[in-house]
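Chemist: Residue numbers (this note's numbering), protein chains in the order written: chain A, 67 to 576; chain B, 365 to 684.
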């Protein structure tokens, strides 16, 4: 029996949760799970709360059999997972801010998302409460030594990028410690989704992180479908697969150029920028929106692809196929660029494994996890593709993973375009299980976005509304690695490392 | 008559460099934009930017000292004078008898000194980082520059630019390895001194990677305009210097008629256009280097200049 199955069996199984098993466990099993996490027998996939209850999503170390453990905590306290397993620390701090559940013996009790600017404390806690006075000054983690100085960067940056504060402690040019402070783009999406109609909640999820809108929509849709027992028609899966891969393609193309641009190599950005723009325009022709926002909906896809759209997609795939190899050669042969990327910002494989870092961050450090393969969903079950993995863990490796994923996405898109299924693109709500009383039904889904695995868990309420919903961005497990990988590096290399991670601020802050 | 003519040429030269400097930067930006498949800003955009900054209010940090306010003008003055000392279209400048290549280096050095101080004056982290990087680069670029001057001076028997230019045009110069080395070294130093890729990136928005931009980050309004103009002038200065020493053809000799200066002007414009284009092409084709690669990069310049000087001593007929 696998570790997760063993833990699930020791609690009271909640049948309403699909497709992952969920069990209500006691504090002993909870602590045991934390121990397994610390030993690396389990991977942390999510930690979120609701009033009086805390949930822990886990996957076995071999990426099989995901499960959710729930601990009832009527007194608002639960045993800290972060005390044993560092990746949970920020999740616990966020839970304390949003729901007001306190982790006992937590190693870090500072607020995380809450900057005391919301006007209320613990927004997701039914009892609510006003914000108690002005914020205490945020204590950054200490770094002591001779001739250390601090460099504060952000939250407002000189470029048009998302807001986040970075506090460097440096000795001259050498970074001794970096600590990020996030939460500036908290919009309260989960609170807004609670009690909202499913359609509105789906639109909210689509706006968690604009560059991953397809991934979020898909994860949300799959969670709703799992809760309701609805199976979308084949053509819906086909359309979703196309959109997800085009989103990955566009983002990777943009990232490859942007990383090079941070090393002042403008040429690459100019060329990949053109390619990315072509991809987005083809998407606008085919799906009616450049980023394909709100095009994936619970039950299927909101738009069908007409022959003109398919032709536009084919044309752009052909163009990328033609022009991309030249750019790869340009990257590979520009020694001044390689000098910057190779060996910079190294993430040790053990660390990537411990944090369960997904996407290119994990894959560049030897972690082969790919939701499309480990917990496969349609249409990927019927497609041939590779998951590139590298061991170096530096900026160069993260760039190469992106390059290889661009190729894989092109392959996937070509396979999909070659074999379009016919039929409706949306499940008939009357035919599915959605007509019954869905109150209390729970669904959970993990979807491979371009950054990594996006988790959505939700519980439906009465008359087609969402009772509670949790969205977890892959960046939660990547931001901490960024802080580690620049230690001992020079200050001027941070932007390059940061861009090679390209973590989401909005998806993280929600 | 001669005095009036010299004065006129010197005056024209001073105004010319001031008027042309933004255009050169605009040209480099334009070519760079074209190379990266963008349309790019209009050539006259730098003038508009300066005009816009001139009319804007100056926002001063509360703890800014008099130095912070005075530095832009000191830097501008020193750079302008230095730029006016380099023959652009005519040799035999009036001022150049009183100030030679070493004076130019000293003027630029003083400008840099004040800029580094101003960067640290307000006490922000970025200014400090910028100043420390700038001084690190300068400590390597300046010796290389002095070495280059030595090797040129040994050849031309003068540190006076007009004389050097005249010598370089004379048949006695011949093909010399030393000159090639000095040119290589000067190009490397010029790229570093002007904060161009690969040493610094003038177009970046990443505060943590800036050198020059980090020092002027706290400046606004007319202060920033003056600093920007000084920076434009510096680029023009280095390009004129390279043109005057290594491609002196077209320079109107002292005491020539009216036609020669006009031809000199045309030639000068052509040289700047070619130089700006080459700079843009170079900048587009390389990535910025790590901060601590700069010593190695500038070390090459120092070594080249040093070897060039040594070669003069060991080669037959090197020194006469």
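Where is the CB? At the ideal position from N, CA and C, for every residue including glycine. None of the values given here were measured: they were computed from a predicted structure.
Less than 8 Å between the CB atoms is what I'm expecting for residue 168 of chain A and residue 115 of chain A, so what's the real figure, rounded?
Modeler: Their Cβ separation, rounded to whole angstroms, is 10 Å, which puts residue 168 of chain A and residue 115 of chain A out of contact at 8 Å.
Chemist: When the Cα atoms are used, what is the spatial distance from residue 178 of chain A to residue 403 of chain A?
Modeler: Approximately 36 Å between the Cα atoms of the pair.
Chemist: Indicate, with yes or no, if the ligand HEM has a heavy atom lying under 7 Å from the CB of residue 298 of chain A.
Modeler: Ligands displayed in this structure: none; no statement on the ligand HEM is therefore possible.
Chemist: To the nearest angstrom, how far is the alpha carbon of residue 550 of chain B from that of residue 559 of chain B?
Modeler: Going from the Cα of residue 550 of chain B to the Cα of residue 559 of chain B covers about 14 Å.
Chemist: From this set, A:422, A:549, A:575, A:483, which residue's C-alpha is nearest residue 111 of chain A's C-alpha?
Modeler: For the residues A:422, A:549, A:575, A:483, the minimum Cα distance to residue 111 of chain A belongs to A:422.
Chemist: Evaluate the contact criterion for the region 290-310 of chain A versus the region 332-347 of chain A: three or more CB pairs, one atom per stretch, below 8 Å.
Modeler: Too few Cβ pairs lie closer than 8 Å, so no.
Chemist: If the cut-off is 9 Å on Cβ atoms, which residues from the region 402-415 of chain A count as contacting chain B, listed in chain order?
Modeler: Hits within the stretch, in order: 402, 403, 404, 405, 406, 407, 410.
Chemist: Identify, in the order they occur along the chain, each residue of the same chain with its Cβ nearer than 6 Å to the Cβ of residue 486 of chain B, setting aside the five sequence neighbours on each side.
Modeler: So the list reads 425, 428, 582, once near-sequence residues are dropped.
Chemist: If we cut at 8 Å on Cβ distances, does residue 487 of chain A have a partner in chain B?
Modeler: Judged by the 8 Å Cβ criterion, residue 487 of chain A is not in contact with chain B.
Chemist: In three-state terms, what does DSSP make of residue 513 of chain A?
Modeler: If DSSP states are grouped into helix, strand and coil, residue 513 of chain A belongs with the strands.
Chemist: Taking buried to mean at least 16 other C-beta atoms within 10 Å of its own C-beta, is residue 523 of chain B buried or exposed?
Modeler: Per the 10 Å Cβ criterion, buried.
Chemist: Figure out for me which residue from B:457, B:462, B:441 has the closest Cα to the Cα of residue 476 of chain B.
Modeler: Minimum Cα distance to residue 476 of chain B is reached at B:441.
Chemist: I need the straight-line Cα distance from residue 501 of chain A to residue 217 of chain A, nearest angstrom please.
Modeler: For residue 501 of chain A, the pLDDT reaches just 46, beneath the cut-off of 50, and the residue's location in the model is therefore unreliable, leaving the point undetermined.
Chemist: Beta-carbon separation of residue 481 of chain B and residue 662 of chain B under 8 Å?
Modeler: No. Outside cutoff.
Chemist: I need the DSSP call for residue 216 of chain A, collapsed to helix, strand or coil.
Modeler: The answer is strand: DSSP assigns residue 216 of chain A an E or B state.
Chemist: Just the C-alpha distance for residue 569 of chain A and residue 515 of chain A, rounded to the nearest angstrom, thanks.
Modeler: The straight-line gap from Cα to Cα measures roughly 12 Å.
Chemist: If you draw a straight line from the C-alpha of residue 489 of chain B to the C-alpha of residue 530 of chain A, how long is it?
Modeler: Approximately 54 Å, taken between the alpha carbons.
Chemist: Where does the unbroken alpha helix (DSSP H) through residue 490 of chain B begin, and where does it stop?
Modeler: Looking at the DSSP string, the run of the alpha helix (DSSP H) that includes residue 490 of chain B is 489-520.
Chemist: Inspect the beta-carbon positions of residue 408 of chain A and residue 551 of chain A and report whether they are closer than 8 Å.
Modeler: No, they are not a contact pair.
Chemist: Does the region 135-147 of chain A come close enough to the region 92-108 of chain A to have 3 or more Cβ pairs within less than 8 Å?
Modeler: Touching, yes, given that three or more Cβ pairs across the two stretches are closer than 8 Å.
Chemist: What alpha helix (DSSP H) runs, 4 residues minimum, are completely inside the region 91-166 of chain A?
Modeler: Here the runs fully enclosed are 93-105, 155-164.
Chemist: I need the straight-line Cα distance from residue 388 of chain A to residue 316 of chain A, nearest angstrom please.
Modeler: For residue 388 of chain A and residue 316 of chain A, the distance between alpha carbons rounds to 16 Å.
Chemist: The region 542-563 of chain A: which residues have C-beta closer than 9 Å to a C-beta of chain B, in chain order?
Modeler: So the close ones are 556, 557, 558, 559, 560, 561, 562.
Chemist: Quick one: what does DSSP say residue 402 of chain A is sitting in, helix, strand or coil?
Modeler: Helix.
Chemist: At a CB distance below 8 Å, what residues from the region 309-333 of chain A approach chain B? Give them in sequence order.
Modeler: Hits within the stretch, in order: 326, 328, 329, 330, 331, 332, 333.
Chemist: Quick one: which chain B residues come within Cβ less than 8 Å of residue 217 of chain A?
Modeler: The answer, in chain order, is 489, 490, 493, 572.
Chemist: Helix, strand or coil: which one does DSSP assign to residue 464 of chain B?
Modeler: Residue state, collapsed to three classes: coil.
Chemist: Using 8 Å as the Cβ pair cut-off and three pairs as the minimum, do the region 394-404 of chain B and the region 503-514 of chain A touch?
Modeler: These segments do not touch.
Chemist: Looking at chain B, which residues of the region 337-364 of chain A have a Cβ within less than 7 Å of any of its Cβ atoms?
Modeler: Here the close residues are 340.
Chemist: Which of the three DSSP states, helix, strand or coil, is assigned to residue 437 of chain B?
Modeler: In this structure, residue 437 of chain B counts as helix in the three-state DSSP scheme.
Chemist: Please state the DSSP three-state secondary structure of residue 501 of chain A.
Modeler: Here residue 501 of chain A scores only 46 on pLDDT, less than 50, and its place in the model is too uncertain to base an answer on.
Chemist: Check whether the Cβ atoms of residue 586 of chain B and residue 484 of chain B sit closer than 8 Å, and answer yes or no.
Modeler: Not a contact, by the Cβ cut-off of 8 Å.
Chemist: Quick one: is residue 403 of chain B near chain A, going by C-beta distance under 8 Å?
Modeler: False, the Cβ-Cβ gap to chain A never drops below 8 Å.
Chemist: Does any C-beta atom of chain A lie closer than 8 Å to the C-beta of residue 520 of chain B?
Modeler: Chain A contact via Cβ: absent.
Chemist: Could you please give me the residues that DSSP links to residue 536 of chain A through a beta bridge?
Modeler: In DSSP, residue 536 of chain A forms a bridge with A:523.
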